[in-house]
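Structure record follows, encoded as structure tokens.
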Amino acid sequence: MMERLILSVDGGGSKTCFLAAAPDGSPRYHAEAGATSHKSVGRRKASANLHEGLCALKQQGLDRKSLMVSVFGLSGCDTPADREFQMELLRKEGFREDNTILCNDAVLALYAQCLPPGIVVVAGTGCICVGIDENGQMHRVGGWGYDYSDLGGGQWMGAAVLSQALLYCDGCRSYDPVFDAVMASAGVCDTKELRWWAADIKDQTTVAALARTVFETDSPLAGELLEKGAGLVALQAAGLLKAIRNEGQGGYRVVLAGGLFHSEAYHGAVVSQLCRLGGVPPADIVKLAHPPVEGGIRLGAQFLSKQKDAR
0 MMERLILSVD
10 GGGSKTCFLA
20 AAPDGSPRYH
30 AEAGATSHKS
40 VGRRKASANL
50 HEGLCALKQQ
60 GLDRKSLMVS
70 VFGLSGCDTP
80 ADREFQMELL
90 RKEGFREDNT
100 ILCNDAVLAL
110 YAQCLPPGIV
120 VVAGTGCICV
130 GIDENGQMHR
140 VGGWGYDYSD
150 LGGGQWMGAA
160 VLSQALLYCD
170 GCRSYDPVFD
180 AVMASAGVCD
190 TKELRWWAAD
200 IKDQTTVAAL
210 ARTVFETDSP
220 LAGELLEKGA
230 GLVALQAAGL
240 LKAIRNEGQG
250 GYRVVLAGGL
260 FHSEAYHGAV
270 VSQLCRLGGV
280 PPADIVKLAH
290 PPVEGGIRLG
300 AQFLSKQKDA
310 R
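Counting from 1, position 246 in the sequence shown corresponds to residue 245 in numbering that gives the first Met the number 0; the numbering is continuous, with no gaps.
Structure follows, in structure tokens:
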């Protein structure tokens, strides 16, 4: 008898994880491919990477007929137009809408750590806060674009320190030790080269990589930027909690996910300010401890359970 499985796909801006597992979470097939965010790599490359990962599962022996439900948490699933494009990709790969769940990849991070209600704060290259209330409705704050949203994320932090470093290079502000770290990260030796390097930046991940200079440098400016960035993240998370609490009762778990939270200083600053701004007990704030792709399996299992109850 064919084993019945759930497919989970965690599609990020740098890589995509594929996992087919039993409803209890027991893994059966796993694969990785490149980014499937069309906003990071373009539509053609996103489509090719999705196809590559699905083919890898098939080569391992996964029979598509064994899938009861498929969950795709894809970065860049932000607007109705994004959703339609991504759903069209899935239809071309043979997935039906009646047993396919498509959502932003941040949702998987929440389910990986705890079942709703709750919120997840993802701080990596960008920053997004996603919450699910007691009625199962999704709410979102942030993540609408690097240049004007994603506040407090890696790109924001990197751009903030780089802009100050360039002011120093142009003789418009005083020296701060973090500027040496910026030049070292950029691989340049002097202020003239840093200006040339900055003028040639082609992608946001290069800017986001400078965030670590803020975390690793003990200086007045680094401390100021860290606190400001953490405050912006906490402000967004607190706003999301307020919106959800207006529609439900009780406390909510807050899951912190993304590469920036590897910095203990950043993590501590966000927790401190979130407790103050959002009235969240420290015990309700947890760091993501499981791969987000596992959250898709839990979401799929919940979907199947609700289907069964409805019959």
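Note that CB positions come from ideal geometry on N, CA and C, so glycine has one too.
Since we're looking at a predicted model, the values are computed, not measured.
Nearest neighbour of F214 by Cα position, chosen from R139, P22, D146 and A159, turns out to be A159. A contact between stretches requires three or more CB pairs, one per stretch, nearer than 8 Å, and the region 156 to 175 meets this requirement with the region 219 to 227. Scanning H29, L273, G72 and A207 for the CA closest to the CA of V285 turns up L273. Within the region 51 to 103, the runs of alpha helix (DSSP H) that reach at least 4 residues and sit entirely inside it are, in chain order, 79 to 91.
A distance below 7 Å between beta-carbons, with the five flanking residues on each side excluded, links F94 to the following residues of its chain, in chain order: S69.
By the C-beta density criterion, M1 is exposed, having fewer than 16 other C-beta atoms within 10 angstroms. Sorting K191, G258, M67 and Y145 by C-alpha distance to the C-alpha of Q306 places M67 at the top. Inclusion of G299 and I131 in the CB contact set at 9 Å is not warranted, their separation being larger than that value. Look at I5 here: in three-state DSSP terms it is strand. Across the set Q85, L287 and T124, the C-alpha of T124 shows the shortest separation from the C-alpha of D202.
In the displayed model, K286 falls within a strand according to three-state DSSP. With at least 16 other beta carbons inside 10 angstroms of its own, G230 counts as buried. With a cutoff of 9 Å on beta-carbon distance, L89 and V254 are scored as not near each other.
The region 8 to 28 and the region 50 to 68 touch, with no fewer than 3 CB-CB distances between them shorter than 8 Å. Checking the DSSP bridge columns, you'll see T15 partnered with G10 and A32. With the rule of 3 Cβ pairs closer than 8 Å, the region 231 to 245 counts as touching the region 109 to 120. With fewer than 16 other CB atoms across the displayed protein chains lying within 10 angstroms of its CB, R275 is exposed.
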